[in-house]
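> Under the numbering used here, think of the first position of the sequence shown as 16, with each following residue one higher.
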Amino acid sequence: MRSALLGLVVCLCAGTALPARAFDLTILHINDFHSRVEPISKSDGPCSQKDAAENACFGGVARIASAVKAERAAAGTTPTILLDAGDQSQGSLFYTRYRNEDAAEFMNTIGFEAMAVGNHEFDDGVPVIETFAGAVRFPMLMANADLVREPGLARHVKPSTVIEKDGQRIGVIGLTPRDNQELTAAGKSITFTDPVEAARREAEKLTADGVTKIILLSHSGYEVDKRLAAEVPAIDVIVGGHSHTLLSSTDPKAAGPYPTLVKGPDGRDVPIVQAYAYSKYLGKLSVSFDDEGRVTKADGAPILLDASVPEDAAIKARVTELAKPLEEIKAKVVAEAAAPIDGQRDTCRVAECQMGNLVADAILDRTKDQGTTIAIGNGGNVRASIDAGPITMGEVLTVLPFQNTLATFQLTGADIKAALENGVSQVEESAGRFPQVAGLQFDWSRKGAPGVDRVKAVRVTSAAGEWVPIDPAATYTVVSNNFLRQGGDGYAVFATRAEKAYDFGPNMEDVVVAYLQDGRSPYIASTDGRIREVE
Numbered sequence: 016m017r018s019a020l021l022g023l024v025v026c027l028c029a030g031t032a033l034p035a036r037a038f039d040l041t042i043l044h045i046n047d048f049h050s051r052v053e054p055i056s057k058s059d060g061p062c063s064q065k066d067a068a069e070n071a072c073f074g075g076v077a078r079i080a081s082a083v084k085a086e087r088a089a090a091g092t093t094p095t096i097l098l099d100a101g102d103q104s105q106g107s108l109f110y111t112r113y114r115n116e117d118a119a120e121f122m123n124t125i126g127f128e129a130m131a132v133g134n135h136e137f138d139d140g141v142p143v144i145e146t147f148a149g150a151v152r153f154p155m156l157m158a159n160a161d162l163v164r165e166p167g168l169a170r171h172v173k174p175s176t177v178i179e180k181d182g183q184r185i186g187v188i189g190l191t192p193r194d195n196q197e198l199t200a201a202g203k204s205i206t207f208t209d210p211v212e213a214a215r216r217e218a219e220k221l222t223a224d225g226v227t228k229i230i231l232l233s234h235s236g237y238e239v240d241k242r243l244a245a246e247v248p249a250i251d252v253i254v255g256g257h258s259h260t261l262l263s264s265t266d267p268k269a270a271g272p273y274p275t276l277v278k279g280p281d282g283r284d285v286p287i288v289q290a291y292a293y294s295k296y297l298g299k300l301s302v303s304f305d306d307e308g309r310v311t312k313a314d315g316a317p318i319l320l321d322a323s324v325p326e327d328a329a330i331k332a333r334v335t336e337l338a339k340p341l342e343e344i345k346a347k348v349v350a351e352a353a354a355p356i357d358g359q360r361d362t363c364r365v366a367e368c369q370m371g372n373l374v375a376d377a378i379l380d381r382t383k384d385q386g387t388t389i390a391i392g393n394g395g396n397v398r399a400s401i402d403a404g405p406i407t408m409g410e411v412l413t414v415l416p417f418q419n420t421l422a423t424f425q426l427t428g429a430d431i432k433a434a435l436e437n438g439v440s441q442v443e444e445s446a447g448r449f450p451q452v453a454g455l456q457f458d459w460s461r462k463g464a465p466g467v468d469r470v471k472a473v474r475v476t477s478a479a480g481e482w483v484p485i486d487p488a489a490t491y492t493v494v495s496n497n498f499l500r501q502g503g504d505g506y507a508v509f510a511t512r513a514e515k516a517y518d519f520g521p522n523m524e525d526v527v528v529a530y531l532q533d534g535r536s537p538y539i540a541s542t543d544g545r546i547r548e549v550e
């Protein structure tokens, strides 16, 4: 097994010797698995036969199982705890077919001990997550949600739990994104609340119960996690997810060190960890506590699950069995890419990206005969890149796994600008609402007030085919996906201001395939400056 980095050892004891009764714990963790049951390629999509032959595959549930088993054995007498920071759901045909039945089976077999509820756990509504939570043999955690109107879910999902290791009681608190109602199909029966207040309240309860070691399992994102560390007393470690952040002490592409240290309210450093996404890494953090439950040392690294990590044979066989009904769909070649098509999260959630252009161009082309002139999608709808060469239906479904349908509607120019303001309002958090567009150009600046004054210019095509400023009073026909049209990702203007809305067009993935097959294969990916960030 190869570590992705040498690791960072952080001594928090100001040079003093560790107390004799120090308690050591190894925290193993994943986040944002997104149904990557099978191994992935370097671009986070399905691992092809060519990739496998070149030992260029990563992750997959069988490698996670093998890595966890190896780390537990290597720990010897040191207790280990295995945690998932949320978003098991959505991202491959396995989720489309099995709706987390497979996830529950594998997580139970591997021996996960707690999981935070991620926003994508709600993608198919409360019944699916309720079934998932009832099938796993460990607690699912979500402290910042009021489940009083969902008693079935409340039976399985708790704010926190206490796990005993070697006679020591470890509290684990779970958090989910506060804006779940905008991000998902959670519905109106659940109220999501401020994560800081929820974590503070739950930490106080655990402390009052005599628990002195508390892990915050947070599906809130790296930036929110740093705020939580700074503001919530009694939190010892934060294991994060949601932002797909790679933390590393040596990788130049990392967003920060592993662990990232933030001063807590009492002046002590709180270690924060996160391990990218898609099963590519297994996070490993070794923590020492003194006899009062204070962290005295934290060191670790994300372990890269590359071809040097063997796949667990029994789980690999089970994956093969579950994959059989999916193979014919996945293997069908639908087009060809002349070069890689970039759909990386780090690109598509902050700027114009190649995959965003492909999807926006495809849905606009499909609806142009209806008088549609503008397409507005969201970067969060794009879930993977595609490598050069043959494009399979499995790859398309990995890029667009949500089974969204085309939605057409009419908006004024002023409302379109308001929608774009929403789209660029959370770019600092790499939020999924970032707009990917066609038939439209816009300039924006992060120096403006979020949601108010970041969009500096919007241009549309005139009857003569020239780019002209959008008319705030004019009405335009727009195409998007049904999730955004119904107000998802903060696009409330689509839900409240749209006229002549129709949300039940063809599936997005089918539209993209048809677009590629209409004389555009091999497809040449590009960006053309339709979205420009300005000073």
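Don't be surprised by glycine CBs; every beta carbon is placed ideally from N, CA and C.
Taking only the alpha-carbon atoms, compute the straight-line gap between residue 420 and residue 537 and give it to the nearest angstrom.
Looking up residue 420 in the sequence shown gives position 405. Looking up residue 537 in the sequence shown gives position 522. Residue 420 and residue 537: Cα-Cα distance of roughly 25 Å.
> Are the CB atoms of residue 618 and residue 204 nearer to each other than 8 Å?
Look at the range of the chain in this structure, 16 to 550, and you will see that residue 618 is not part of it.
> Tell me the rounded alpha-carbon separation between residue 311 and residue 40.
By 1-based counting over the sequence shown, the position of residue 311 is 296. By 1-based counting over the sequence shown, the position of residue 40 is 25. Approximately 12 Å, taken between the alpha carbons.
> Name, in chain order, the residues that DSSP records as bridge partners for residue 496.
Here residue 496 is taken as the residue at index 481 of the sequence shown, counted from 1. Paired residue(s): 421.
> Would a check of beta-carbon distances place residue 479 closer than 8 Å to chain B?
In the displayed structure, chain B is absent; only one protein chain is listed.
> State buried or exposed for residue 482, treating a residue as buried only when at least 16 other CB atoms are found within 10 Å of its CB.
Residue mapping note: residue 482 aligns to position 467 of the sequence shown, counting from 1. Result: exposed.
> Report all residues from its chain with a CB closer than 6 Å to the CB of residue 463; omit the five preceding and five following residues, and keep chain order.
Mapped onto the sequence shown, residue 463 falls at position 448. 469, listed in sequence order.
> Taking the beta strand (DSSP E) that residue 106 falls in, what are its first and last residues?
Taking the first residue of the sequence shown as 1, we reach residue 106 at position 91. Taken as a continuous stretch (DSSP letters only), residue 106 belongs to no beta strand (DSSP E), as it is neither H nor E.
> Where are the alpha helix (DSSP H) runs, 4 residues long or more, that stay fully inside the stretch 49 to 92, in chain order?
64 to 68, 76 to 90
> From 67, 44, 64, pick the residue whose C-alpha is nearest to that of residue 95; which is it?
Here residue 95 is taken as the residue at index 80 of the sequence shown, counted from 1. When only C-alpha atoms are compared, the closest one is 44.
> Give me the DSSP bridge partner(s) of residue 155.
If you number the sequence shown from 1, residue 155 lands on position 140. BP columns for residue 155 point to 130, 172.
> Using a threshold of 8 Å, state whether the C-beta atoms of residue 557 and residue 228 are closer than that.
Outside the displayed range of the chain (16 to 550) lies residue 557, so it cannot be described from this structure.
> Is residue 547 helix, strand or coil when you go by DSSP?
Taking the sequence shown and counting its residues from 1, the one referred to as residue 547 is at position 532. Three-state DSSP puts residue 547 in a strand.
> Taking the beta carbon of residue 369 as the centre, do at least 16 other beta carbons fall within 10 Å, making it buried, or is it exposed?
Start at 1 with the first residue of the sequence shown, and residue 369 comes out as number 354. Residue 369 is buried by the Cβ-count criterion.
> Would the stretch 411 to 418 and the stretch 500 to 515 be scored as touching if the rule is three or more Cβ pairs under 8 Å?
no
> Tell me the DSSP bridge mates of residue 275?
In the sequence shown, the residue the question calls residue 275 occupies position 260. Answer is 287.
> From residue 522 to residue 241, what does the alpha carbon distance come to, in whole angstroms?
Here residue 522 corresponds to residue number 507 of the sequence shown, with the count starting at 1. Here residue 241 corresponds to residue number 226 of the sequence shown, with the count starting at 1. Answer to the nearest angstrom: the Cα atoms are 38 Å apart.
> Using a Cβ-Cβ cutoff of less than 8 Å, which residues in the same chain neighbour residue 152 once the five nearest sequence positions on both sides are dropped?
Numbered from 1 along the sequence shown, position 137 holds the residue referred to as residue 152. Cβ within range, chain order: 123.
> On the CB-based measure, 16 or more other CB atoms within 10 Å of its CB, does residue 498 come out buried or exposed?
The sequence position of residue 498 within the sequence shown is 483, counting from 1. Buried, because 16 or more other Cβ atoms sit within 10 Å of the Cβ of residue 498.
> Could you tell me if residue 347 is buried or exposed, where buried requires 16 or more neighbouring beta carbons within 10 angstroms of its beta carbon?
As a first step, residue 347 is located in the sequence shown; it is residue number 332 there, counting from the start. Exposed.
> Output needed for residue 261: all residues of its chain with C-beta closer than 8 Å, excluding positions within five of it in sequence on either side, in chain order.
Translated into the one-based positions of the sequence shown, residue 261 becomes position 246. Around residue 261: 268, 269, 270, 289, 290, 291, 296, 317.
> Smallest Cα separation from residue 251: which of 258, 222, 342, 257?
Against the sequence shown, residue 251 aligns to sequence position 236. Of the residues 258, 222, 342, 257, the one whose Cα lies closest to the Cα of residue 251 is 222.
> Which complete beta strand (DSSP E) runs does the stretch 186 to 262 hold, if anything under 3 residues is left out?
Runs of the beta strand (DSSP E) inside the stretch 186 to 262: 228 to 233, 252 to 255.
> Considering just the uninterrupted stretch of the alpha helix (DSSP H) at residue 335, what are its terminal residues?
For the purposes of this step, residue 335 is taken as residue 320 along the sequence shown, with counting starting at 1. First-last of the alpha helix (DSSP H) with residue 335: 328 to 346.
> Hey, would you say residue 157 sits closer than 8 Å to residue 171, going by beta carbons?
The residue you call residue 157 lines up with position 142 of the sequence shown. The residue you call residue 171 lines up with position 156 of the sequence shown. Not a contact, by the Cβ cut-off of 8 Å.
> What three-state label does DSSP hand residue 375 in the structure shown?
In the sequence shown, residue 375 corresponds to position 360, counting from 1. If DSSP states are grouped into helix, strand and coil, residue 375 belongs with the helices.
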